Amino acid sequence: MFFASRTDSQNLYLLAKYTNMVPRAVEILLRNWKAGGEYMHYALHFLKDSSYCHTLLSVNWTRWTHRDETLFDLIEVYVPEEEQTALTKAVLKADIRFRHPLERLHAAWASTWRLAIQKQEWKAAKDYLLKFRALEVYHALLNCALEVVAEEFLGRNKEILENWKGDEEPFPEQARRQYMEILKDCRDLQVNVDLVLRQSMRIMWVA
Numbered sequence: 051m052f053f054a055s056r057t058d059s060q061n062l063y064l065l066a067k068y069t070n071m072v073p074r075a076v077e078i079l080l081r082n083w084k085a086g087g088e089y090m091h092y093a094l095h096f097l098k099d100s101s102y103c104h105t106l107l108s109v110n111w112t113r114w115t116h117r118d119e120t121l122f123d124l125i126e127v128y129v130p131e132e133e134q135t136a137l138t139k140a141v142l143k144a145d146i147r148f149r150h151p152l153e154r155l156h157a158a159w160a161s162t163w164r165l166a167i168q169k170q171e172w173k174a175a176k177d178y179l180l181k182f183r184a185l186e187v188y189h190a191l192l193n194c195a196l197e198v199v200a201e202e203f204l205g206r207n208k209e210i211l212e213n214w215k216g217d218e219e220p221f222p223e224q225a226r227r228q229y230m231e232i233l234k235d236c237r238d239l240q241v242n243v244d245l246v247l248r249q250s251m252r253i254m255w256v257a
């Protein structure tokens, strides 16, 4: 699909244009990745489209070694370190958004991840994600998974707190307590959540 006779822009345009490439587009993009922003632009474009996201947690179509079994392995191998976290989080967020059924051949940790994102309480979700350690998931992926799920829960609780109507209704103490618990756990686990969500602690002191 990617040919030396074409420019990167031409190769990327054709990858996005041909519908028959959709199931493998993200994998092909990662295997040919180059720094500079253009590849990231296309990756984020694909990850906003449900049709490109059916196999995010699946075993790759092409496998040469034990280090290229999933998209996350490809990110670790082919994507520059400074882009890995943003891209890994984008893939995980896309899976949360679309939640396509898992294919028969999927990452060893995929079922645990799906159970975690179904939980309604942060502690239960966190406990599932920490099981990644027993599955020998590499540290960077575990951290990204914790960041993404923590930010999801922080966002939910932030919305509840910001929508509180004052004396017209009881203060949502449970939302405030969970917000604080998440931030504490993230500090303890050295997980860096979104700065805006960290700075929103002021909303928790409204009473």
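Okay, so the sequence shown: first residue is 51 according to the working numbering, each after it adds one. The beta carbon of each residue, even a glycine, is placed where N, CA and C say it ideally should be. Since we're looking at a predicted model, the values are computed, not measured.
Please work out which residues of its chain come closer than 7 Å, Cβ to Cβ, to residue i, disregarding the five sequence neighbours upstream and downstream, and give them in chain order.
{"i": "residue 150", "result": "103 and 104"}
{"i": "residue 118", "result": "110, 124 and 127"}
{"i": "residue 155", "result": "108 and 109"}
{"i": "residue 256", "result": "With a pLDDT of only 48 at residue 256, under 50, the local geometry of the prediction cannot be trusted, and the value read off the model is given with reservation. Cβ neighbours of residue 256 beyond the five flanking positions: none."}
{"i": "residue 197", "result": "139, 241, 242 and 243"}
Here's a check: name, in chain order, each residue in its chain whose Cβ is nearer than 8 Å to the Cβ of residue i, leaving out the five neighbours to either side.
{"i": "residue 122", "result": "138, 141, 157 and 191"}
{"i": "residue 165", "result": "178"}
Can you give the Cα-Cα distance for residue i and residue j, rounded to whole angstroms?
{"i": "residue 85", "j": "residue 77", "result": "16 Å"}
{"i": "residue 91", "j": "residue 61", "result": "14 Å"}
{"i": "residue 241", "j": "residue 225", "result": "20 Å"}
{"i": "residue 189", "j": "residue 244", "result": "19 Å"}
{"i": "residue 131", "j": "residue 223", "result": "40 Å"}
{"i": "residue 70", "j": "residue 64", "result": "11 Å"}
{"i": "residue 176", "j": "residue 186", "result": "17 Å"}
{"i": "residue 160", "j": "residue 87", "result": "28 Å"}
{"i": "residue 202", "j": "residue 230", "result": "14 Å"}
{"i": "residue 237", "j": "residue 55", "result": "49 Å"}
Please list, in chain order, all residues of the same chain as residue i whose beta carbon is under 6 Å from its beta carbon, the five residues on each side excluded.
{"i": "residue 228", "result": "172 and 207"}
{"i": "residue 96", "result": "75, 76 and 102"}
{"i": "residue 146", "result": "167"}
Residue range of the alpha helix (DSSP H) that residue i falls in?
{"i": "residue 205", "result": "189-212"}
{"i": "residue 82", "result": "That residue, residue 82, is in no alpha helix (DSSP H); it is neither H nor E in DSSP."}
{"i": "residue 96", "result": "88-97"}
{"i": "residue 120", "result": "Here residue 120 belongs to no alpha helix (DSSP H), and DSSP marks it neither H nor E."}
{"i": "residue 135", "result": "131-148"}
If you reduce the DSSP assignment to three classes, tell me which class residue i lands in.
{"i": "residue 250", "result": "helix"}
{"i": "residue 57", "result": "coil"}
Using the beta-carbon count (16 or more within 10 Å), is residue i buried or exposed?
{"i": "residue 193", "result": "buried"}
{"i": "residue 94", "result": "exposed"}
{"i": "residue 68", "result": "exposed"}
{"i": "residue 182", "result": "buried"}
{"i": "residue 232", "result": "buried"}
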